[in-house]
Amino acid sequence: EDKVVQSPLSLVVHEGDTVTLNCSYEVTNFRSLLWYKQEKKAPTFLFMLTSSGIEKKSGRLSSILDKKELFSILNITATQTGDSAVYLCAPQGGGSNYKLTFGKGTLLTVNP
Amino acid sequence: NAGVTQTPKFQVLKTGQSMTLQCAQDMNHEYMSWYRQDPGMGLRLIHYSVGAGITDQGEVPNGYNVSRSTTEDFPLRLLSAAPSQTSVYFCASRLGHGIDGYTFGSGTRLTVV
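If you read the protein sequences in the order shown, they are chains L and A.
Convert by adding 1 to the 1-based position in the first sequence; the result is the number in the working numbering.
Convert by adding 543 to the 1-based position in the second sequence; the result is the number in the working numbering.
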């Protein structure tokens with residue numbers, strides 16, 4: 002059975018802080034790992050990681066994958082109140098459906 | 544280009560009633576999926592489709608049916624609603640072949656009383 006563990010489950014920081022969110026996984030026929038941000042409604046896509054050690058960046062967000070140790074991290078620098086959300090990690094397995102298995106998420110709260 | 548459109552946004556059902564949650568996408572995506580999201584449980588896959596005429600079960604398929612007669616539409620049918628089906632339902636689509644992330648609809652909040 003595929004497993005995804007995200008940590009911490011919740012995190013409260015002040016604006017300007019840097020945060021690191023963790024995702025460890027066990028997935029059959031791993032292909033890639035996706036990160037999503039979920040505010041009050043639908044998850045929105047952030048990154049897809051397929052190769053170990055190659056950092057993906059988008060503004061203040063960055064992410065990296067370690068396929069040997071089976072984990073990924075999502076970094077957010079200079080946090081803003083608009084970064085408050087649940088961050089979801091979803092490794093993607095093989096087979097015909099490229100199934101996504103979602104973690105339970107990390108709830109990030111950024112206080113002014 | 545509307546993306547993924549789900550209707551209705553909210554619904555209250557009585558136990559035993561049936562209904563269909565609608566999902567349509569206009570991006571010519573091959574892959575479509577239905578997820579439910581419950582507090583503390585994350586997103587769980589109900590059913591998915593890799594193309595018109597092809598569907599398969601996900602992690603929690605019991606009590607739900609799907610069909611995919613066209614590329615655009617992927618309705619989810621609740622056969623006989625139960626309180627355990629109270630949840631937020633998301634439809635998602637992607638181009639295919641694992642080359643991109645899923646685009647999610649805005650969700651349907653379903654309450655079964």
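Positions of the beta carbon are idealized from the N, C-alpha and C atoms, including for glycine.
Remember, it's a predicted structure, so these values are computed and weren't measured experimentally.
Where A/Thr654 falls: helix, strand or coil (DSSP)
Here A/Thr654 sits in strand by DSSP.
Give a yes or no on whether the C-beta atoms belonging to L/Ser11 and L/Thr78 are separated by under 8 Å.
no
So, with DSSP's three-state summary, where would you put L/Gln81?
coil
The beta strand (DSSP E) that contains L/Ala91, what's its start and end?
86 to 93
Roughly how many angstroms lie between the CA atoms of A/Asp616 and A/His590, to the nearest whole one?
14 Å
Of the residues A/Thr629, A/Ser636, A/Tyr645, the one placed nearest A/Leu653, counting alpha carbons only
A/Thr629
A/Met562 lies in the beta strand (DSSP E); which residues open and close that run?
562 to 568
Just tell me which of L/Pro44, L/Glu70, L/Phe48, L/Ala43 has its CA closest to the CA of L/Tyr26.
Selected option, being the one with the closest Cα: L/Glu70.
Taking Cβ-Cβ distances shorter than 7 Å, what residues in chain A pair up with L/Lys42?
Ser649, Gly650
With a 10 Å radius around its C-beta and 16 neighbouring C-beta atoms as the bar for buried, classify L/Met49 as buried or exposed.
It is buried - the Cβ of L/Met49 has at least 16 other Cβ atoms within 10 Å.
Taking 8 Å as the CB-CB limit, is A/Leu586 close to chain L?
yes
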